[in-house]
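Counting from -18, one number per residue, gives the positions in the sequence shown under the working numbering.
First up is the structure itself, then whatever we jot down about it.
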Amino acid sequence: MNSISIQNLTKTYAGGTEALKGVNLEVASGDFCALLGANGAGKTTIIGILTGLVNKTSGSVRIFDYDIDQNHSKAKKVIGVVPQEMNFNIFERVEDIVVNQAGYFGIDRTTAFAEAEKNLKQLRLWDRRHEIARNLSGGMKRRLMIARALVNKPKLLILDEPTAGVDVELRHSMWEFLGELNGQGVTILLTTHYLEEVEQLCRQAAIIKDGQIIANDRVKNLVKLVAKETYIVHVDEIRSLEKIRGYNPVVIDENTFEVELSKEERLNEFIAYLSQLGMMVTDFRPKGNRIEKLFLNILNSKTEAGIGA
Ligand SMILES: Nc1ncnc2c1ncn2[C@@H]1O[C@H](COP(=O)(O)OP(=O)(O)O)[C@@H](O)[C@H]1O
Ligand SMILES: [Mg+2]
C-alpha cells in the first residue's frame, strides 16, 4: 500500500503563482522519502496540501486509504506534521503544547499526558516540561515540534526542512531519532535542500524544481549522478604539475588548483600521490554545491534523452 499517492496535483496561488504544475508522487508505506528542492520549488505547498492547510487547485491526493477530499478528517488523524516555521504559542508551557495538540485529535487527557511524557523524554525535553516554550533554545524548539507531531501516533510523519539552521550535533541526533521511528514502521516524508541529509537518511528521493518533479528514484541511483565532484586543492607550492596532468588540473594560482575526482577513495589516493610528488596539501574542499550539480546532471540527462527541457 502507498502512504501517499499524489496525482496531477496543481496549485496556483491567488496572486497567480503556479507553485505546482502537475505533480505525481507515490510514497510506499514504511518508506523514508525526501522531497528535495531549492527554495521556492514547491515543497511546502505540497506539504500544505497533504496536511489540509492549503487548498489544491486540481488533482487528487490519497493518504493511505483516504482521499483528502472525501475523507479529510480521517486522513488528518494518521498524519503528524512538523512545519517549517515554529507555530506554537511561545508563552505556553512545553508539556501543555504537546497535551493540547492531543486534544485536537480527541485523545483523552490521561492518554495525552502519558504520550507527552514518553515523547518529551525521547526528545530530551522532559526536564523542561514546566517552562514556557519561549525559554527553550532553537534546537529544543525544533524537538518540541517533533514531540508534538507524534502525539497522535501518526503512521505518516511529515517534516518540512526539520534541520534548516540546526547545528551539526542536533542534526545528527535528529537523523538518528527519525531513523528509529522509521524502523518502527512510521512512514517519513521530509523536505530538505541538503543532499547529505538525503544520502544519510532516505531510501527514496523526489526532486522538485519549479513545481515539477524532475526525478524520483531510489537514493542510491540518484547519488550516482553526482559521483564526480570538483575539488579545490591548496598546496604549499605547485610542483611537478606535468605528473598530475592526467587528472586535468585547472591551475588557479601558485598554491591552488581544481581537479575533478570520482569518489572519496580517489580523493585520498590523489592526496597521497601529491605528497609523493613533494606537494604538501594544506586544504581541500568540494568546489560547488552538490545539489546544484545533481540538478544539472538530471536536467542534462533528460535533455540528452529528449525528454525534458
Ligand atoms: N501563500 C502563498 N501565496 C502566494 N504564493 C505563494 C504562497 N506560498 C508559496 N508561494 C509561492 O509558491 C512557490 C512555491 O513555494 P513553496 O511551496 O513555499 O516552496 P519551497 O517550500 O520549496 O521553498 C514560490 O514561488 C512561492 O513564492
Ligand atoms: Mg518551504
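Where a beta carbon is used, it is the ideal one built from N, C-alpha and C, also for glycine.
The structure presented is a predicted model; accordingly, all values stated were derived computationally and were not measured.
Report the option in the options whose CA atom is closest to the CA atom of residue i.
{"i": "asparagine 249", "options": "Phe238, Val262 and Thr237", "result": "Val262"}
{"i": "glutamate 178", "options": "Thr168, Thr(-7) and Trp156", "result": "Trp156"}
{"i": "threonine -7", "options": "Val35, Ala56 and Asp48", "result": "Val35"}
{"i": "arginine 124", "options": "Ala56, Leu104 and Asn133", "result": "Leu104"}
{"i": "methionine 67", "options": "Gly33, Lys55 and Arg129", "result": "Arg129"}
{"i": "histidine 174", "options": "Ile189, Val167 and Leu162", "result": "Ile189"}
{"i": "glutamine 82", "options": "Ile71, Leu106, Val132 and Leu101", "result": "Val132"}
{"i": "isoleucine 71", "options": "Arg110, Tyr47 and Ala253", "result": "Arg110"}
{"i": "lysine 99", "options": "Gly(-4), Cys183, Lys134 and Asn(-11)", "result": "Lys134"}
{"i": "asparagine 197", "options": "Asn20, Met126, Glu223 and Leu280", "result": "Leu280"}
{"i": "tyrosine 254", "options": "Thr211, Lys224 and Pro230", "result": "Lys224"}
{"i": "lysine 268", "options": "Phe251, Ala56 and Leu242", "result": "Leu242"}
Short check: CB of residue i to CB of residue j, under 7 angstroms?
{"i": "cysteine 14", "j": "leucine 159", "result": "no"}
{"i": "phenylalanine 69", "j": "isoleucine 78", "result": "yes"}
{"i": "alanine 114", "j": "valine 75", "result": "yes"}
{"i": "leucine 203", "j": "alanine 186", "result": "yes"}
{"i": "valine 63", "j": "leucine 140", "result": "yes"}
{"i": "glutamine 65", "j": "glutamate 142", "result": "yes"}
{"i": "alanine 93", "j": "valine 80", "result": "yes"}
{"i": "serine 221", "j": "leucine 258", "result": "yes"}
{"i": "glycine 166", "j": "glycine 11", "result": "yes"}
{"i": "arginine 271", "j": "leucine 176", "result": "yes"}
{"i": "asparagine -11", "j": "glutamate 7", "result": "no"}
Might you give, ordered along the chain, the residues of its own chain that have their beta carbon closer than 8 angstroms to the beta carbon of residue i, omitting 5 neighbours on each side?
{"i": "isoleucine 233", "result": "Ile213 and Glu239"}
{"i": "serine 256", "result": "Val262"}
{"i": "valine 147", "result": "Gly119, Gly120, Arg123 and Met155"}
{"i": "asparagine 116", "result": "Arg109"}
{"i": "aspartate 48", "result": "Ser41, Val42 and Ala56"}
{"i": "glycine 33", "result": "Ile49, His53, Ala56 and Lys57"}
Taking DSSP's pairing of strands, which residues face residue i in a bridge?
{"i": "glycine 61", "result": "Leu138"}
{"i": "proline 267", "result": "Tyr212"}
{"i": "arginine 74", "result": "Ile113"}
{"i": "cysteine 14", "result": "Leu170 and Gln185"}
{"i": "aspartate 234", "result": "Thr237"}
{"i": "leucine -10", "result": "Val4"}
{"i": "isoleucine -15", "result": "Val8 and Ile44"}
Cutting at 6 angstroms between CB atoms, please list the residues of its own chain near residue i, excluding the five before and the five after it.
{"i": "arginine 43", "result": "Ser(-14)"}
{"i": "glycine 29", "result": "Val35"}
{"i": "threonine 237", "result": "His215"}
Taking 7 angstroms as the limit between beta carbons, can you name the residues of its chain near residue i, skipping five residues before and five after?
{"i": "arginine 152", "result": "Thr144"}
Would you call the stretch 23 to 30 in contact with the stretch 211 to 226, where contact means no fewer than 3 C-beta pairs closer than 8 angstroms? no
Q.
Under 8 angstroms, with one C-beta from each stretch per pair, do the stretch 180 to 195 and the stretch -2 to 11 reach the 3-pair mark?
A. yes
Taking three-plus beta-carbon pairs below 8 angstroms as touching, is the stretch 36 to 55 in contact with the stretch 84 to 100? no
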